[in-house]
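**Q**
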Amino acid sequence: MEGKRSKIWQFFSKETENKAKCDICQCSYSIKGGSTTNLKKHLMTKHRPSYDSVFSLKPSTCISNQPSQQPVNLPECSQFQASSNEPKRKKEAQQTDIALFTRKPLSAAREKKINHLILKLIIKDLQPFSIVEDSGFIELINYLEPNYPIPSRYMLSSGLLDAQFTLVKEKLKDELKRASHICLTTDGWTSRATTSYQAVTAHYILGDIWEMRSALLGCFECQERHTADYIKQELIHLVTDWEINDKIFVCVTDNASNMKAAIRLTGWEHFPCVAHTYNLIVQASLQTIQEPIKKVKCIVEYFHRSSIATKKLYAVQEQLKPGQKPLKLIMDVITRWNSTLDMLERVANLQEPIEAAIGFLHNPVENLSENEWRILPEVVKILKPFKQLTEEFSSENEVTISKILAGNSSVLRILNNLNNTLTCDLSKQLVSKLKAEFNIRFKNSSRHQVLSKSAILDPRFKRQAFADDSCYEYAKNSVREELERMMAKPSFVNESESEDTDSPMFDEQQDSIWLEFDRRTTTMSTTASKTSAITFLFLSQLIYNYINIHCNLVMQPSNESNE
Numbered sequence: 001m002e003g004k005r006s007k008i009w010q011f012f013s014k015e016t017e018n019k020a021k022c023d024i025c026q027c028s029y030s031i032k033g034g035s036t037t038n039l040k041k042h043l044m045t046k047h048r049p050s051y052d053s054v055f056s057l058k059p060s061t062c063i064s065n066q067p068s069q070q071p072v073n074l075p076e077c078s079q080f081q082a083s084s085n086e087p088k089r090k091k092e093a094q095q096t097d098i099a100l101f102t103r104k105p106l107s108a109a110r111e112k113k114i115n116h117l118i119l120k121l122i123i124k125d126l127q128p129f130s131i132v133e134d135s136g137f138i139e140l141i142n143y144l145e146p147n148y149p150i151p152s153r154y155m156l157s158s159g160l161l162d163a164q165f166t167l168v169k170e171k172l173k174d175e176l177k178r179a180s181h182i183c184l185t186t187d188g189w190t191s192r193a194t195t196s197y198q199a200v201t202a203h204y205i206l207g208d209i210w211e212m213r214s215a216l217l218g219c220f221e222c223q224e225r226h227t228a229d230y231i232k233q234e235l236i237h238l239v240t241d242w243e244i245n246d247k248i249f250v251c252v253t254d255n256a257s258n259m260k261a262a263i264r265l266t267g268w269e270h271f272p273c274v275a276h277t278y279n280l281i282v283q284a285s286l287q288t289i290q291e292p293i294k295k296v297k298c299i300v301e302y303f304h305r306s307s308i309a310t311k312k313l314y315a316v317q318e319q320l321k322p323g324q325k326p327l328k329l330i331m332d333v334i335t336r337w338n339s340t341l342d343m344l345e346r347v348a349n350l351q352e353p354i355e356a357a358i359g360f361l362h363n364p365v366e367n368l369s370e371n372e373w374r375i376l377p378e379v380v381k382i383l384k385p386f387k388q389l390t391e392e393f394s395s396e397n398e399v400t401i402s403k404i405l406a407g408n409s410s411v412l413r414i415l416n417n418l419n420n421t422l423t424c425d426l427s428k429q430l431v432s433k434l435k436a437e438f439n440i441r442f443k444n445s446s447r448h449q450v451l452s453k454s455a456i457l458d459p460r461f462k463r464q465a466f467a468d469d470s471c472y473e474y475a476k477n478s479v480r481e482e483l484e485r486m487m488a489k490p491s492f493v494n495e496s497e498s499e500d501t502d503s504p505m506f507d508e509q510q511d512s513i514w515l516e517f518d519r520r521t522t523t524m525s526t527t528a529s530k531t532s533a534i535t536f537l538f539l540s541q542l543i544y545n546y547i548n549i550h551c552n553l554v555m556q557p558s559n560e561s562n563e
């Protein structure tokens, strides 16, 4: 039957015995009597590249997985000689020929499944389409499935990929319909060909299963000048295509003025990326210690350039610490301040081996002064909290926005405490610059609606996330106002009180700024007045009840029809 073996089934799936659905556009067509004529006609007229990739007469449609046939030279009659092994060889040859003709043909369903798995390999592992032309890949497939016709790179890129993209997009669209609110994040980058792109990712919670999800919605090329109006149009076009215009709650971008202006034009709530803000704060502050950093970079570059110097550094490390694996110096990346921190920390830890290696090599590069060597470990201590928060706030699998106010407050307290222990003037200047930049970048952050509400509703922080009472009162009033709006809705229902649970604690094993926060909040909680505690617990209880009522209504719908 053609319906079982035709290559058309690479792009269609059977719905019933008499109908098949196009995997690319989801249209259904009749296949009565097993005929695939309608399917071929649809593929040829509506999806010509996919049709050509399979049915074109071009030799590139499919890659041969058979060894090349060499001409056979027939021997002269005089060359035949009697041999006891000849009948055995003849029998084996006959068995091989029979096996080739009796081998079970590959079904269309299995061929389609293998095509899908190869495409999945290319997508998930970022492999090139040309992998299907690699001799090792062909040899592997021939061994696993000799009858499988390996698709060409053209068939994969122009046919199968389009069909798979359509299926995944429709599935994601259905999932986004189940999300009530969506947060967007944007990320701009430039390729090696100096082409600019903007990637847009959606972050949301599936209310029915209460699970956080993230999905890349698109990556568009910036073909014109990166004006706010142009970016706004591209973003609106993207969310319209995904049918989520009315679900955008907030959009997170970098601190570029054109991105801020673009989000204002869309009418969405804007929030700057905290990790990017930290990057700007630290990059600006590192200017105060540029001289020691330049010297460190020269040392690292020298050891990276010279194999002799590197071997000497390894040899010194092995002499000083026998049995331990020698460490390599780390070169920083100019656009990533945390790589500068890694470079400084590694050099500080290898001070003795570095100085010894430079001495053995007759000082080929300028060494750090005694004071500069003392600066390095202090700088590492100063910058470590920023690195930790940057990594935490870059997570896609955890709620991070409620940590921002508490995290910022803890960073400032750590900087103040460190300032009393520093011995170098440059280190103190670095702390002063960091605090100044911090106050500029996060000015009035405690009165940001989204930040303050998130912090006060997080059971780990509540009141302790705020630097002063006025900011706390602002957040509390904002939540109360929103509660009043919620309670005014007909859908709001009161239920019996539920038992409050203890707030989850942070992992004390983690070397973190949160240990300082826990110590401070423990002291504050013991001095809080009973009246304010009752007021706050009442507010928290209202929110807790409302959330549980809302979730129960979604997760346990009534089976009774409305009268």
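Residue numbering for the sequence shown is 1 to 563, as defined by the UniProt record's numbering.
Positions of the beta carbon are idealized from the N, C-alpha and C atoms, including for glycine.
1) Could you check the C-alpha separation between N494 and L43 for me, to the nearest Å?
2) Sorted by chain position, which residues of the same chain lie with C-beta nearer than 8 Å to Y302's C-beta, five sequence neighbours on each side aside?
3) Quick one: grab the DSSP three-state call for R460.
4) Leaving out five residues on either side along the sequence, give the residues of the same chain with a beta carbon under 8 Å from the beta carbon of E76.
5) Is H276 near D246, with beta carbons less than 7 Å apart?
6) In chain order, what residues of the same chain lie with their CB nearer than 8 Å to the CB of C424, ignoring the 5 residues before and after it?
7) If distances are taken between C-alpha atoms only, which option among N258, I263, L368 and H226 comes closest to V239?
8) Which term fits W268, buried or exposed, when burial requires 16 or more other beta carbons within 10 angstroms of its beta carbon?
9) Pick from G33, S28, W9 and S30: whose alpha carbon is nearest that of S50?
10) What is the rounded straight-line gap between the Cα of S107 and the Cα of R48?
11) Among L415, I440 and H448, which residue has its Cα nearest to the Cα of I404?
12) Give the range of the beta strand (DSSP E) segment to which I182 is assigned.
13) Who are the near neighbours of M1 in its chain, counting only those whose CB is closer than 7 Å to its CB and skipping five residues on each side?
14) Provide the residue(s) that pair with E221 in DSSP beta bridges, ordered along the chain.
15) Under 6 Å Cβ to Cβ from A357, same chain only, skipping five residues before and after it: list those, please.
16) Could you work out which residue in G188, P353 and D229 is closest to E221 when comparing CA atoms only?
17) Around the C-beta of N416, are 16 or more other C-beta atoms found within 10 angstroms, so that it is buried, or is it exposed?
18) Considering only their Cβ atoms, is the gap separating L176 from I244 smaller than 7 Å?
19) DSSP three-state label for F11, please.
20) Could you tell me which residues DSSP pairs with T253 in its beta bridges?
21) Using only alpha-carbon positions, find the residue among L368, E234 and D342 that is nearest to Q351.
22) Hey, quick one: how far does the alpha helix (DSSP H) through C27 stretch, first residue to last?
23) Which residue wins for smallest C-alpha separation from R336, given the options L327, C298, H362 and A284?
24) Between L235, R413 and S478, which has its C-alpha nearest F438's C-alpha?
25) When DSSP builds the beta bridges, which residues end up paired with R336?
26) Alpha carbon to alpha carbon, how far is T227 from V162? Give it in angstroms, no decimals.
27) May I ask which residues mark the beginning and end of the beta strand (DSSP E) holding A20?
28) State the Cα-Cα distance for the pair L206 and V200, rounded to the nearest angstrom.
29) Curious, which full-length alpha helix (DSSP H) runs of at least 4 residues does the segment 322-381 contain?
30) In angstroms with no decimal places, state the Cα-to-Cα distance between K384 and Y278.
31) Where S6 and S157 are concerned, what is the direct C-alpha to C-alpha distance, given to the nearest angstrom?
32) Applying the 10 Å Cβ sphere with the 16-neighbour rule, what's the burial state of D23?
33) So, for R463: in the same chain, excluding its five sequence neighbours on each side, which residues have a beta-carbon less than 6 Å away from its beta-carbon?
34) What is the DSSP secondary structure of P149, reduced to helix, strand or coil?
35) With a cut-off of 8 Å, do at least 3 Cβ pairs link the segment 326-346 to the segment 291-299?
36) Using the C-alpha atoms, what's the distance from W210 back to P128?
**A** Once the coordinates are examined:
1) Its pLDDT being 48, under 50, N494 is placed unreliably by the model, and the measurement read from it follows with that caveat. Going by the C-alpha atoms only, they are around 57 Å apart.
2) Short of 8 Å from the beta carbon of Y302, and not among the five residues preceding or following it, lie these beta carbons of its own chain, in chain order: A309, P364 and V365.
3) Residue state, collapsed to three classes: coil.
4) Caution applies to E76, whose pLDDT of 49 falls short of 50 and renders its modelled position unreliable; the model cannot decide the point.
5) No.
6) N371, R374, I375 and E378
7) I263
8) buried
9) Answer by Cα proximity: W9.
10) 24 Å
11) Of L415, I440 and H448, the residue nearest in Cα terms is H448.
12) I182 to T190
13) Because M1 carries a pLDDT of 42, less than 50, the predicted location of this residue cannot be relied on, and the following value inherits that uncertainty. These residues qualify, in order along the chain: G34.
14) Y197
15) K312, L313 and V316
16) G188
17) For N416, the number of other beta carbons within 10 angstroms of its own is below 16, and it is reported as exposed.
18) yes
19) coil
20) Its beta-bridge partners are P272.
21) L368
22) No residue range can be given for C27, since it is assigned to no alpha helix (DSSP H) and is classified by DSSP as neither H nor E.
23) A284
24) R413
25) Per DSSP, the beta-bridge partners of R336 are V333.
26) As written in the sequence, residue 162 is Asp, which differs from the Val given in the question. Approximately 31 Å between the Cα atoms of the pair.
27) K19 to C22
28) 19 Å
29) 337-349 and 351-360
30) Each residue's Cα considered, the two are about 12 Å apart.
31) 20 Å
32) buried
33) Y472
34) Three-state DSSP puts P149 in coil, outside helix and strand.
35) yes
36) The straight-line gap from Cα to Cα measures roughly 37 Å.
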